[in-house]
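**Student:** Going letter by letter, the sequence shown gives residues 20 to 172 in the numbering used here.
Where a beta carbon is used, it is the ideal one built from N, C-alpha and C, also for glycine.
For clarity, every value in this text was computed on a predicted model and none was experimentally measured.
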Amino acid sequence: MSAQATGPARGRKLITGVIGADTHIVGSRILSMALEEAGFEIVALGAITPAEDFVKAAIETAADGIMVSSLYGQGELDCRGFRDLFIEAGLEDMLIYVGGNLVVGKQDWTDVERRFLEMGFDRAFPPNTRADQVIEVLNADFAVRSAGRRIAE
Ligand code: B12
Numbered sequence: 020m021s022a023q024a025t026g027p028a029r030g031r032k033l034i035t036g037v038i039g040a041d042t043h044i045v046g047s048r049i050l051s052m053a054l055e056e057a058g059f060e061i062v063a064l065g066a067i068t069p070a071e072d073f074v075k076a077a078i079e080t081a082a083d084g085i086m087v088s089s090l091y092g093q094g095e096l097d098c099r100g101f102r103d104l105f106i107e108a109g110l111e112d113m114l115i116y117v118g119g120n121l122v123v124g125k126q127d128w129t130d131v132e133r134r135f136l137e138m139g140f141d142r143a144f145p146p147n148t149r150a151d152q153v154i155e156v157l158n159a160d161f162a163v164r165s166a167g168r169r170i171a172e
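(1) Measuring from the CB of phenylalanine 105, is there a heavy atom of the ligand B12 at a distance below 8 Å?
(2) Any heavy atom of the ligand B12 closer than 8 Å to the Cβ of asparagine 120?
(3) Counting Cβ pairs, one atom from each stretch, are 3 or more of them under 8 Å apart for the region 27 to 46 and the region 57 to 68?
(4) Return yes when the Cβ of leucine 136 is within less than 9 Å of the Cβ of serine 89, no when it is not.
(5) Hey, how far is the Cα of alanine 63 from the Cα of arginine 31?
(6) Is there contact between the region 109 to 120 and the region 150 to 169, where contact requires at least three CB pairs shorter than 8 Å?
(7) Tell me, to the nearest whole angstrom, how far the beta carbon of isoleucine 61 is from that of serine 47; I am working on the premise that it is less than 8 Å.
(8) Report, in whole angstroms, the separation of the C-beta atoms of alanine 81 and leucine 110, which I expect to be a contact under 8 Å.
(9) Output the residues surrounding the ligand B12, defined as those with a CB atom closer than 6 Å to any ligand heavy atom, in chain order.
(10) How long is the line joining the alpha carbons of asparagine 147 and glutamate 132, rounded to whole angstroms?
(11) Cβ atoms of arginine 99 and aspartate 141: under 9 Å apart, would you say?
(12) Is there at least one Cβ from chain B nearer than 9 Å to histidine 43's Cβ?
(13) Leaving out five residues before and five after serine 165 in sequence, what residues of the same chain have Cβ atoms less than 7 Å from its Cβ?
(14) Beta-carbon within less than 7 Å of tyrosine 91's beta-carbon, same chain only, minus the 5 sequence neighbours each way: which residues are those?
Now the structure itself:
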């Protein structure tokens with residue numbers, strides 16, 4: 020059986036989308052379908068989504084979390100200031116993940132992850148992350164969030 024949203028994660032609303040001028044839709048679509056099947060409610064913004072649209076959608080739908088995809092190598096540029104947009108909108112505690120192929124070429128993942136966490140993402144995921152791995156982490160994070168912590172250890 021595939022991974023399921025459990026406990027506090029069940030029924031949570033997540034926004035998915037591919038940021039910037041990036042047309043690589045397949046990963047975000049697969050992730051959206053897997054998350055929906057696991058019991059999350061999904062609002063899929065699709066490809067070529069400006070950063071501001073994630074914030075607008077989060078406000079309009081009262082979302083619980085954001086799943087940003089970036090594949091074409093411009094992730095660092097496109098994601099700069101992403102957390103600040105949520106802070107300005109009064110959504111400073113929004114759970115925000117980023118994944119895909121975040122930087123140009125092959126770079127040391129620990130270093131890439133550190134840069135995205137410094138930008139304010141709660142978690143960054145390396146290329147080829149599977150949806151069931153993401154669901155496990157979402158379950159852990161929503162469980163500690165309902166206990167008042169930001170993300171699970
Ligand atoms: C198909 C493809 C295209 C298609 C896209 C069609 C479409 N509309 O989707 C086309 C031909 C249009 C294309 C264009 C380009 N592409 Co292209 N493309 C690919 C390719 C071959 C497959 C991508 C794919 O669909 N993967 C399958 C999905 C299922 O995997 P995924 O996207 O990684 O997603 C999984 C995980 O990463 C994860 N995930 C994804 N998002 C998120 C988000 C979160 C929050 C989490 C937790 C997890 C997660 O979950 C998914 C399911 O497991 C890859 C190479 C590759 N093998 O990955 C290159 C690749 C992504 N492309 C690349 C490039 C460079 C381009 C172009 C810039 C080429 C050019 N010079 O024109 C353009 C960019 C156009 C644009 N503006 O976006 C590079 C990016 C390099 C980089 N990052 O350094 C790659 C890696 C090829 C390479 N090795 O050089 N491409």
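**Tutor:** Let me spell this out:
(1) Not so, every heavy atom of the ligand B12 lies at least 8 Å from the Cβ.
(2) Result yes, Cβ under 8 Å from the ligand B12.
(3) In this structure the region 27 to 46 lies against the region 57 to 68, because at least three pairs of beta carbons, one per stretch, are closer than 8 Å.
(4) No.
(5) In a straight line, the C-alpha of alanine 63 is about 14 Å away from that of arginine 31.
(6) Taking one beta carbon from each stretch, the region 109 to 120 and the region 150 to 169 have 3 or more pairs nearer than 8 Å; the two touch.
(7) Contact flag wrong, Cβ pair sits at about 10 Å.
(8) Under the criterion of beta carbons closer than 8 Å, alanine 81 and leucine 110 do not qualify as touching, at roughly 10 Å.
(9) Qualifying residues, in the order they occur: Ala40, Asp41, Thr42, His43, Ile44, Val45, Gly46, Ser47, Ile49, Leu50, Met86, Val87, Ser88, Leu90, Tyr91, Gly92, Tyr116, Val117, Gly118, Gly119, Asn120, Val123, Gly124, Phe144, Pro146, Asn147, Thr148, Arg149, Ala150 and Val153.
(10) A direct Cα-to-Cα measurement between asparagine 147 and glutamate 132 gives close to 14 Å.
(11) Using a Cβ distance threshold of 9 Å, aspartate 141 and arginine 99 do not count as a contacting pair.
(12) The chain inventory of the structure shown lacks chain B, comprising one protein chain alone.
(13) So the qualifying residues of the chain are Pro27.
(14) For tyrosine 91, the CB contacts under 7 Å within the same chain, skipping 5 residues up- and downstream, are Asp41 and His43 in chain order.
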